[in-house]
Amino acid sequence: MSPEPLRRAHSAEEDARPWDVRVDEGGPVNVVPDSVRAAARRAFDARPVDTLVADLMFDSVLDHDRRAAADPSVRTMRFGHRSGGADLRVTDRGEGRRVSLEVLPAQRASAEVRCTGSTFTVTTDDEGRAEFDVPTGLFSLVLRPLRAPQAKPLQTSWVRL
Amino acid sequence: MTPDSAAGARVVRIGPAALPDADAASLPQLALDEVEGLTDLMTGSAPEPGLAEDDAASDEIDPFDDRADDEAVTAVTPGHRPAGIRRANLSPEEAAMLVGAAAAGDRGAWDALVDAYGGLIGAVARNHRLSPGDAGDVSQTTWLRLVENVDRLSDPSRVGAWLATTARRECLRLLGRAKRTVLSGEELDPGTDRLRLATPEADAALLAAERDAEMRSAFGRLTPRCRDLLQLLLLDPAPSYDEISAALDIPIGSIGPTRGRCLEKLRGIMEGTGINPATAGSPRR
């Protein structure tokens with residue numbers, strides 16, 4: 465996994481801002497900013513290879529959730545694949561996010577956490593639970609059940625926390 | 028932007044602050060080439076997407092024909108595109124072919140998809156009034172979503188509509204998550220935490236063209252749905268009705284009639300101001 469796709473698409477240092485209009489000597493052309501186009505091209509490096517993708521099935525930001533409505537500071541998500549999945553509970557933690565992970569079905573698993581600027585691994589308990597902090601930005605997990613190391617890892621869809 | 032391209036191009040903010048004499052706050056963001064495009068739409072010189080325009084454009088430039096590309100470089104270099112010429116969008120067959128190739132690991136095919144649909148995703152983000160940084164985030168997340176699903180699309184020929192829908196959902200996700208949204212074209216003043224207009228760094232002479240301002244003013248008096256639809260219709264390459272339907276979440280069948288009503292209303296507003304719609308849009312080429 466290349467860390468390239470995890471960079472923020474737009475940099476404040478750039479002189480041009482996304483969706484501005486570039487004016488060449490012959491006239492204006494509405495363009496996709498180079499940084500945005502480059503980030504889109506780099507996304508190709510993040511394509512799943514030898515992993516199964518657990519799609520984002522539920523996101524309290526978009527989908528109705530009574531618990532989320534009661535506490536808007538909590539974001540819940542479910543990633544699913546027929547071979548398994550994961551529930552996430554995300555809360556603000558200073559400048560970043562605190563993630564509570566629950567692997568489905570409950571089992572001890574290794575979770576490779578891929579987030580902005582770093583990749584690290586946590587191990588869930590026998591109930592499939594783990595907690596960790598991540599910076600805001602893109603986020604994905606690669607889950608490997610410890611009792612079946614030969615099984616294909618499960619990769620969650622990229623989301624932005 | 029690379030230094031080279033920056034040297035040959037000026038970047039201007041097309042925003043309310045550039046029009047000091049107008050009712051700045053009410054004017055929508057409308058790029059200069061979009062002003063010209065609206066003129067074409069109103070005067071009927073721009074065919075509807077997916078209809079005659081595809082045929083007309085395919086006679087001019089085929090982005091997947093090397094020979095045509097060479098011609099395009101000389102005849103239609105960026106910034107020198109003659110009025111009325113628009114790049115052809117991907118045909119469903121081409122889109123499906125590129126999706127298949129990208130799924131097989133062809134980076135060139137992926138880049139071609141990015142080139143073909145990057146503008147569409149940007150337009151969806153802009154229609155949701157996202158800040159530039161958020162619009163970039165939506166674009167990046169949308170492409171990551173495609174790379175995860177590129178070998179699982181039920182109909183690869185409709186990848187444009189799939190991207191538009193995904194981008195729209197990412198916009199909603201981002202808006203739902205955000206505590207507050209900074210409107211495009213405006214910035215937060217760190218001192219007061221209030222919205223302030225962007226600095227008027229745009230080329231005053233370029234923006235002072237009265238007819239362009241009138242067009243922006245007239246455009247701003249349209250309903251948000253009309254503005255969103257017309258701006259999508261002005262994209263280059265032009266999205267198909269299928270993609271517009273996905274981007275705006277409206278039935279395909281209503282696009283044509285809505286387009287007609289919106290253009291009629293725009294024409295009426297322009298005529299009401301004494302501006303001949305046929306001559307609106309400053310000549311720049």
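So the protein sequences, as listed, match chains A and B. Going from the first sequence to the working numbering is simple: count from 1 and add 464. Going from the second sequence to the working numbering is simple: count from 1 and add 27. Virtual Cβ for every residue (Gly too), placed ideally from N, Cα, C.
Exposure label - residue i; buried when at least 16 CB within 10 Å
i, result
"F603 of chain A", "buried"
"Q614 of chain A", "exposed"
"T285 of chain B", "buried"
"A131 of chain B", "exposed"
"T250 of chain B", "exposed"
"A570 of chain A", "exposed"
"P609 of chain A", "buried"
"A424 of chain A", "Past the boundaries of the shown model lies residue 424 of chain A; chain A is included only from 465 to 625, so the question cannot be answered."
"G549 of chain A", "buried"
"P266 of chain B", "buried"
Residue i (DSSP reduced to helix, strand or coil)
i, result
"S166 of chain B", "helix"
"L610 of chain A", "coil"
"E566 of chain A", "strand"
"G575 of chain A", "In the sequence as displayed, the identity of residue 575 of chain A is Ala instead of Gly. Strand at A575 of chain A."
"A550 of chain A", "strand"
"D498 of chain A", "helix"
"A518 of chain A", "strand"
"E595 of chain A", "strand"
"I296 of chain B", "helix"
"D92 of chain B", "Reliability of the predicted coordinates at D92 of chain B is poor, the pLDDT of 33 falling under 50, and no value is obtained from them."
"H161 of chain B", "The amino acid at residue 161 of chain B is misidentified as His; the sequence shows Asp. The answer is helix: DSSP assigns D161 of chain B an H, G or I state."
"G127 of chain B", "helix"
"L257 of chain B", "helix"
"V538 of chain A", "strand"
"R506 of chain A", "helix"
"G132 of chain B", "coil"
Length of the line joining the Cα atoms of residue i and residue j
i, j, result
"A575 of chain A", "L256 of chain B", "44 Å"
"V586 of chain A", "C253 of chain B", "50 Å"
"R511 of chain A", "S621 of chain A", "10 Å"
"A152 of chain B", "P617 of chain A", "33 Å"
"T583 of chain A", "T168 of chain B", "18 Å"
"E214 of chain B", "A245 of chain B", "The predicted position of E214 of chain B is uncertain, since its pLDDT is 39 and thus under 50; no value can be drawn from it."
"G280 of chain B", "D182 of chain B", "20 Å"
"V177 of chain B", "L625 of chain A", "23 Å"
"K292 of chain B", "E241 of chain B", "14 Å"
"C198 of chain B", "D535 of chain A", "22 Å"
"G149 of chain B", "D590 of chain A", "44 Å"
"G287 of chain B", "R294 of chain B", "10 Å"
"W137 of chain B", "I296 of chain B", "43 Å"
"E595 of chain A", "C579 of chain A", "15 Å"
"H155 of chain B", "Q619 of chain A", "30 Å"
"G247 of chain B", "G544 of chain A", "44 Å"
"R243 of chain B", "D142 of chain B", "28 Å"
"I271 of chain B", "A128 of chain B", "25 Å"
"T600 of chain A", "V563 of chain A", "11 Å"
"T19 of chain B", "D527 of chain A", "Nothing in the structure corresponds to residue 19 of chain B, since chain B is present only between 28 and 312."
"I282 of chain B", "T588 of chain A", "51 Å"
Beta-carbon proximity check, residue i vs residue j, cutoff 8 Å
i, j, result
"L565 of chain A", "M541 of chain A", "no"
"R195 of chain B", "D276 of chain B", "yes"
"L140 of chain B", "L125 of chain B", "yes"
"A567 of chain A", "T555 of chain A", "The amino acid at residue 567 of chain A is misidentified as Ala; the sequence shows Val. For V567 of chain A and T555 of chain A, no; Cβs fall outside 8 Å."
"V606 of chain A", "T515 of chain A", "yes"
"R561 of chain A", "V598 of chain A", "yes"
"V517 of chain A", "E175 of chain B", "yes"
"G592 of chain A", "A573 of chain A", "yes"
"G135 of chain B", "V496 of chain A", "no"
"L202 of chain B", "Y144 of chain B", "no"
"A122 of chain B", "G187 of chain B", "yes"
"A503 of chain A", "G160 of chain B", "no"
"A274 of chain B", "L259 of chain B", "yes"
"D523 of chain A", "R185 of chain B", "no"
"A507 of chain A", "L180 of chain B", "no"
"R204 of chain B", "V500 of chain A", "no"
Contact with chain E by residue i, beta-carbon distance below 8 Å
i, result
"V606 of chain A", "Of the chains in the structure shown, none is chain E; the protein chains are A and B."
Checklist entry - Using a beta-carbon distance cut-off of less than 7 Å, what residues from the segment 119-140 of chain B approach chain A? => result R134, W137 and D138
Checklist entry - Which residues, taken in chain order from the segment 551-565 of chain A, show a beta carbon closer than 9 Å to some beta carbon of chain B? => result none
Checklist entry - Given a limit of 7 Å on CB to CB distance, which residues of the segment 572-598 of chain A reach chain B? => result none
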